[in-house]
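The sequence shown begins at 237 in our numbering and counts up one residue at a time.
What follows is a set of notes on a single structure, which appears directly below.
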Amino acid sequence: MIAKERVYFKTFGCRTNQFDTQVMISKIKDFEFSSDELEADVIVVNSCTVTNGADSSVRHYINSIERKNPNARVVLAGCGSHSKGETLLADKKVFGVMGHSEKENINEILKKPESFYEIGDLEHIDSTIVEEFVGKSRAFIKIQEGCDFSCSYCIIPAVRGGARSHSEDTVIEQVKKLADNGFGEFILTGTNVGSYGKDHGSSMAKLLKKVSHLRGVRRIRIGSLEPIQIDDEFKELLDEPWMAKHLHIALQHTSDKMLDIMNRRNSFISDKRLFDELSSHGYALGTDFIVGHPGEDDRAWMEAMERLIDLPLTHVHAFTYSKRDGTAAASMSDLVRGDVAKARHRELTELIKEKNYEFRKANQSNLEVLLESGNDDIYRGFDQYFNRIEVRSSEDLSSNWLLMNSVEVNREGNMAKYSS
Ligand code: SF4
237 MIAKERVYFK TFGCRTNQFD TQVMISKIKD FEFSSDELEA DVIVVNSCTV TNGADSSVRH
297 YINSIERKNP NARVVLAGCG SHSKGETLLA DKKVFGVMGH SEKENINEIL KKPESFYEIG
357 DLEHIDSTIV EEFVGKSRAF IKIQEGCDFS CSYCIIPAVR GGARSHSEDT VIEQVKKLAD
417 NGFGEFILTG TNVGSYGKDH GSSMAKLLKK VSHLRGVRRI RIGSLEPIQI DDEFKELLDE
477 PWMAKHLHIA LQHTSDKMLD IMNRRNSFIS DKRLFDELSS HGYALGTDFI VGHPGEDDRA
537 WMEAMERLID LPLTHVHAFT YSKRDGTAAA SMSDLVRGDV AKARHRELTE LIKEKNYEFR
597 KANQSNLEVL LESGNDDIYR GFDQYFNRIE VRSSEDLSSN WLLMNSVEVN REGNMAKYSS
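Okay, here's the thing in C-alpha cells:
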C-alpha cells in the first residue's frame with residue numbers, strides 16, 4: 237500500500253479564515269493530516285492580506301518553509317492568493333495557488349503534479365456551512381461571505397468578492413442539527429453579516445425569526461453589523477428574549493470628516509440616534525474603531541473623542557490603522573504618526589473600559605451566564621451583555637447556564653461564587 241501524503245494547514249488572519257480552513261479540512265480525503273510542518277509533504281498556507289504587514293508575515297512564513305522543509309509543496313490559499321498569488325507563483329515561492337472558490341475542490345487540486353494557478357472566481361459560496369464550537373453549547377455559524385461596501389482602508393471586497401449568503405434553509409438545517417445535539421447559543425458570523433439575505437430576498441431579521449423558533453435555541457448573537465443594516469424589521473426583534481442583549485455595530489469612527497474620508501456609509505448623527513435607541517432597550521453596545529487613519533488631525537480626533545464620551549458604548553475593538561496597498565487610503569497623504577496613533581488608541585480603550593465598568597455596575601442582576609469549560613474550579617463564560625464572568629465552583633459547571641443575581645464587579649471583570 238502506498239502511504240498517503242501528509243498535509244499541514246497554516247492559517248493566518250481572521251475568524252473567517254479559520255472557518256475556511258475548516259471547509260478545506262472537511263474536503264480532504266486522500267491525504268493524511270500532519271501536525272508538523274517539517275514532516276508534511278504539502279503545506280497549505282491559508283493567507284491573510286488585510287495589511288501590508290499581513291502580507292509580510294505570510295511571505296516570511298513561506299520563506300521559512302523553503303529553508304526548513306524545502307521538499308514540501310507550498311500551496312497558497314486564502315485572501316493572499318487573490319492579491320499576491322501571481323507574484324509568489326512567478327517567483328517560484330509557492331508550488332500552487334488556489335482561490336477562495338476552489339476550497340471544496342482541494343482534495344483534487346493538491347494531487348496536481350505540476351505547478352498550478354486555480355484562482356477561480358469571487359462569486360462562489362461554499363456548499364459546506366462551517367461551525368465552530370466553544371465548549372458544548374456555543375456554536376459559531378458562518379452564514380454569509382463577502383462585502384459590497386468600499387471602505388477606504390479595506391481590501392476585503394477585492395479579495396473576497398461581493399456579499400452573498402447561504403440560503404435560509406441551509407442555515408436552519410444546520411442550526412437544527414446542532415440544537416438537537418444540545419447547543420443553546422448560536423453566533424451568526426460572516427464578512428459583512430448584516431447584509432445577509434440581500435441576494436435571495438431574505439434579511440437578517442427574517443433569518444433570526446426563523447432560527448429563534450427552532451427547539452433548543454436559547455440565545456442568538458450576531459457577529460458585527462453596520463449601522464445602516466439595523467432597519468425597522470430588525471428593531472422589532474429587540475425585546476425578544478432570545479436576542480443576546482449585546483450588539484456589535486461597526487462605526488469605525490465618530491468624526492464626520494473621518495467617516496467621509498473613510499468612505500463609510502454611516503454618519504454620526506444617525507449613529508448616535510441608533511445607539512441611544514438600542515441602549516434604551518437595555519443593550520450593551522460594542523463597536524469597531526480605526527485610530528490613526530490618514531487625515532485624522534488633532535481636531536478630528538478631539539471631535540471623535542467628545543462624541544465617544546456621549547455614546548452609550550460598552551465594548552470596543554480598536555485597531556490602529558495600517559497601510560494596505562491597493563486600497564484608497566494607501567495613496568492618501570496627512571498620515572498620522574505612529575506614536576500619536578498609539579496614544580489615541582490608549583485613550584479610546586481606556587474610555588470604553590471605564591464605560592464598560594459603569595455598565596456592569598448598573599447591571600448586576602439577572603445575568604444569564606453561559607459558562608464554557610473551566611479548570612482549577614474556575615469557570616469562565618459570558619452573560620447576555622457579552623461581559624466576561626469568572627465563576628468559582630467546586631461543582632463541574634462546564635457548558636452550564638446560570639442565572640446570577642449577585643456578582644462582584646471589578647474593573648477587570650465580573651466574578652462570582654457558585655454553590656448549589
Ligand atoms: S464594511 Fe468596509 S471594512 Fe467591513 S469588510 Fe466591507 S469594506 Fe471592509
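We treat Cβ as the ideally placed atom computed from N, Cα and C, and that holds for glycine.
- Taken from the Cβ of residue 390, at least one heavy atom of the ligand SF4 lies inside 6 Å.
- By the neighbour-count criterion, in which a residue is buried when 16 or more other Cβ atoms sit within 10 angstroms of its Cβ, residue 565 is buried.
- CA-CA distance, residue 448 to residue 535, rounds to 45 Å.
- Look at the segment 350-427 and you find these whole runs of alpha helix (DSSP H), each 4 residues long or longer: 392-396, 404-416.
- Distance from the C-beta of residue 383 to the nearest heavy atom of the ligand SF4 is below 6 Å.
- Excluding sequence positions up to five before and after residue 374, its CB lies within less than 6 Å of the CB of 421, all in the same chain and listed in chain order.
- Beta-bridge partners assigned by DSSP to residue 617: 607, 625.
- Exposed is the label assigned to residue 306, since fewer than 16 other Cβ atoms lie within 10 Å of its Cβ.
- The shortest C-alpha to C-alpha distance from residue 501 to any of 593, 299, 461 is the one to 461.
- The C-beta separation of residue 389 from residue 563 comes to about 6 Å, placing the pair in contact by the 8 Å criterion.
- Unbroken alpha helix (DSSP H) runs of no fewer than 4 residues, entirely contained in the segment 511-592, are found at 534-546, following chain order.
- For residue 650, the enclosing beta strand (DSSP E) stretches over residues 650-653.
- Annotation for residue 560: 286, 287, 288, 389, 391, 566 place their beta carbon closer than 7 Å to its own, counting only its chain and skipping 5 residues before and after.
- Closer than 6 Å to some heavy atom of the ligand SF4: that describes the Cβ of residue 428.
- Look at residue 387: its beta carbon is less than 6 Å from one of the heavy atoms in the ligand SF4.
- A buried status is given to residue 592, since no fewer than 16 other beta-carbon atoms sit within 10 Å of its beta-carbon.
- Comparing alpha-carbon positions, the option among 631, 594, 611, 636 lying closest to residue 618 turns out to be 636.
- In this structure, DSSP gives residue 640 an extended state, which the three-state scheme calls strand.
- Ranked by how close their Cα comes to the Cα of residue 310, the residues 359, 280, 451 have 280 in first place.
- Here residue 440 is actually not in contact with residue 410; their C-beta atoms are around 16 Å apart, not less than 8 Å.
- Under the 8 Å Cβ criterion, the segment 603-613 counts as touching the segment 629-645, having at least three qualifying pairs.
- Under the 8 Å Cβ criterion, the segment 539-549 does not count as touching the segment 565-579, having fewer than three qualifying pairs.
- Three or more pairs of CB atoms, one per stretch, sit closer than 8 Å, so the segment 252-268 contacts the segment 342-351.
- Bridge partners of residue 600 according to DSSP: none are assigned.
- Put simply, the segment 358-372 touches the segment 322-337. At least three CB pairs are less than 8 Å apart.
- In the DSSP assignment, residue 261 falls within the unbroken alpha helix (DSSP H) covering 251-263.
- Between residue 468 and residue 432, the alpha-carbon positions lie close to 15 Å from each other.
- Residue 537 places its beta carbon 7 Å or farther from that of residue 582.
- About 14 Å separates the Cβ atoms of residue 527 and residue 486, ruling out a contact at the 8 Å cut-off.
- In this structure the segment 642-655 touches the segment 610-628; the number of beta carbon pairs closer than 8 Å is three or more.
- Boundaries for residue 480: no alpha helix (DSSP H) harbours it, and the DSSP string shows neither H nor E there.
- Of the candidates 394, 277, 377, 376, the residue whose Cα lies closest to the Cα of residue 384 is 394.
- DSSP, read as helix, strand or coil, puts residue 466 in coil.
- Remark: C-beta atoms of residue 596 and residue 613 do not approach each other more closely than 7 Å.
- When DSSP states are grouped into helix, strand and coil, residue 287 belongs to the coil group.
- DSSP places residue 344 in no beta strand (DSSP E) but in the uninterrupted alpha helix (DSSP H) bounded by 342-345.
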